[in-house]
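A.B. asks: For the sequence shown, this note's numbering gives the first residue as 27, with consecutive numbering after it. The beta-carbon is built from N, C-alpha and C at its ideal position, and this holds for glycine as well. For clarity, every value in this text was computed on a predicted model and none was experimentally measured.
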Amino acid sequence: MLLLSAAAGSSAATAVSALFVFGDSLVDDGNDNELSCLAKANFFPYGIDFPQGAATGRFCNGKTFVDALCDLLGLDYLPPFATTSSLLSGGVNYASAAGGILDETGQHLGDRFSLSQQVLNLESNLETIRSQMRDDEGYHKYLASSIAVMVLGSNDYINNYLLTSLYDSANNYSPEDYADLLINHYSRQILALHSVGLRKFLLAGVGPLGCIPSLRASGGAPLGQCVDQVNQMVGFFNQGLRSLVDQLNANHPGATFLYGNTSNAVYDMLNNPNSYGFTVVDSGCCVLGADGTCEAYAEPCDSRDQHVFWDAYHPTQAANLVLAQRAFNGAQDHVYPLNLQHLARL
Ligand SMILES: *[C@@H]1O[C@H](CO)[C@@H](O)[C@H](O)[C@H]1NC(C)=O
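(1) May I ask which residues mark the beginning and end of the beta strand (DSSP E) holding N119?
(2) Determine whether the beta carbon atoms of G100 and A44 lie at a separation below 8 angstroms.
(3) Check the C-beta distance from A324 over to V313 and give it rounded, since I have them as a contact under 8 angstroms.
(4) Considering I173, what are the terminal residues of the beta strand (DSSP E) in which it resides?
(5) Consider the C-beta atom of D272 and the heavy atoms of ligand 1; say whether any pair is separated by less than 7 angstroms.
(6) Can the beta-carbon of V53 be found closer than 8 angstroms to that of N119?
(7) Measuring only the C-alpha atoms, how far is G126 from S180?
(8) Comparing alpha-carbon positions, which option in N197, F263 and S140 lies nearest D206?
(9) For C320, which three-state DSSP category applies?
(10) From E149 to G88, what does the alpha carbon distance come to, in whole angstroms?
(11) Given that a residue counts as buried once 16 or more other Cβ atoms are within 10 Å of its Cβ, and exposed if not, what is P77?
(12) Tell me whether D206 counts as near ligand 1, meaning its Cβ is closer than 7 angstroms to at least one heavy atom of that ligand.
(13) Applying the 10 Å Cβ sphere with the 16-neighbour rule, what's the burial state of A353?
(14) Take the Cβ of P279 as the centre, count every other Cβ of all protein chains shown within 10 Å, and call the residue buried at 16 or more, exposed below.
(15) Counting C-beta neighbours from all protein chains within 10 Å, is the total for T342 16 or more, i.e. buried, or is it exposed?
(16) What span of residues does the beta strand (DSSP E) with T90 cover, start to end?
(17) Is any heavy atom of ligand 1 found at a distance shorter than 7 angstroms from the C-beta of Q78?
(18) So, is P326 buried or exposed, given that buried needs 16 or more other C-beta atoms within 10 angstroms?
(19) If you reduce the DSSP assignment to three classes, tell me which class H360 lands in.
(20) Beta-carbon separation of T154 and L114 under 8 angstroms?
Okay, here's the thing in structure tokens:
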């Protein structure tokens, strides 16, 4: 299936032109706007490890999954859409905290870009990008050798389906039907990106949300355990996403779609923490306030490399580095049907 041609030598090593990122707070690097980034960094110890103490808008102590991917692919860190001006040819990060696949997802949290708006935001940048290319052919080659990284779905559960006091979706859909609904919406936006000329896609599955500190603390499972019911729900979405990847690869020759099995890597970290140097798998590293986010002015814990989770929802930099490594050069049980290293050389 994957036959690297004999000619795929040195020139292929740098074949990725750019990353275009669509997602939520797991990969947001500042689209919640500069002011709130500053406020966040001043009041909460976000971003203390990357870059040291700066306001980055990242929901992490350091690098996100995407920052780690940029390191592995030899690309510069991406500017957030909200602060991009003219130089876009290294890629753009459109991800937005609280955003989801469905437009309504996260609406109680206020301003955010849903997936469909993130795609519109990319479309609004295309003319500028085209103007930076020599000609039409160069532009199309550039898009075809860029990678769209998509990390979505978590909020459609945490800030929609599971939030039954504010959202109706659990009344209207069974877990299976809801997963289908999400996959249908997702598929439409992925095809919109394909139709503007993107040809390489990494679609990250949703992690085992039933194991994040906020859900462990929700009373849905015995102390210290994951909420199995939630992990099962997310499993329907992940199975659907993997099937979508098969379908897209079959129907769109010339394009390549990867499914990243996030759950596999996260379960491995949770079940075998010692082999990664983790000692704490069930609670965040900063001092958590009642709302599950880091407490204002809280001191982050020192052992950030020993925690899988940074706060009640988000992984630490240490966990993000593992996730990125798996996507980059993992076997098919981690990234399917190819890894990013292979994708980059296509
Ligand atoms: C992800 O990996 C796990 C462990 O290998 C496997 O059980 C699961 O079926 C995979 N998920 C998908 C959607 O392929």
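C.D. replies: In this structure, then:
(1) Unbroken beta strand (DSSP E) run through N119: G117 to N119.
(2) Result no, Cβ atoms of G100 and A44 do not sit closer than 8 angstroms.
(3) Indeed, because the Cβ distance is near 4 angstroms, the residues count as touching under 8 angstroms.
(4) I173 -> beta strand (DSSP E) spans I173 to V177.
(5) Every heavy atom of ligand 1 is 7 angstroms or more from the Cβ of D272, so no.
(6) Contact flag set, yes.
(7) Taken atom to atom, the span from the alpha-carbon of G126 to that of S180 is near 7 angstroms.
(8) Here the closest residue by C-alpha is F263.
(9) Reduced to three states, the DSSP call for C320 is strand.
(10) So the alpha carbons of these two residues sit roughly 29 angstroms apart.
(11) Counting the other Cβ atoms within 10 Å of the Cβ of P77 gives fewer than 16, which makes it exposed.
(12) Within the chosen limit of 7 angstroms, ligand 1 does not reach the beta carbon of D206 with any heavy atom.
(13) Using a 10 angstroms sphere on the CB of A353, the tally of other CB atoms reaches 16 or more, which defines it as buried.
(14) Under this definition P279 is an exposed residue.
(15) Buried, by the Cβ-count rule.
(16) T90: not part of any beta strand (DSSP E); DSSP gives it neither H nor E.
(17) It does not: the Cβ of Q78 is nowhere closer than 7 angstroms to a heavy atom of ligand 1.
(18) Around the Cβ of P326, a 10 Å sphere holds 16 or more other Cβ atoms; the residue is buried.
(19) Assigned with DSSP and collapsed to three states, H360 falls in coil, not helix or strand.
(20) Yes.
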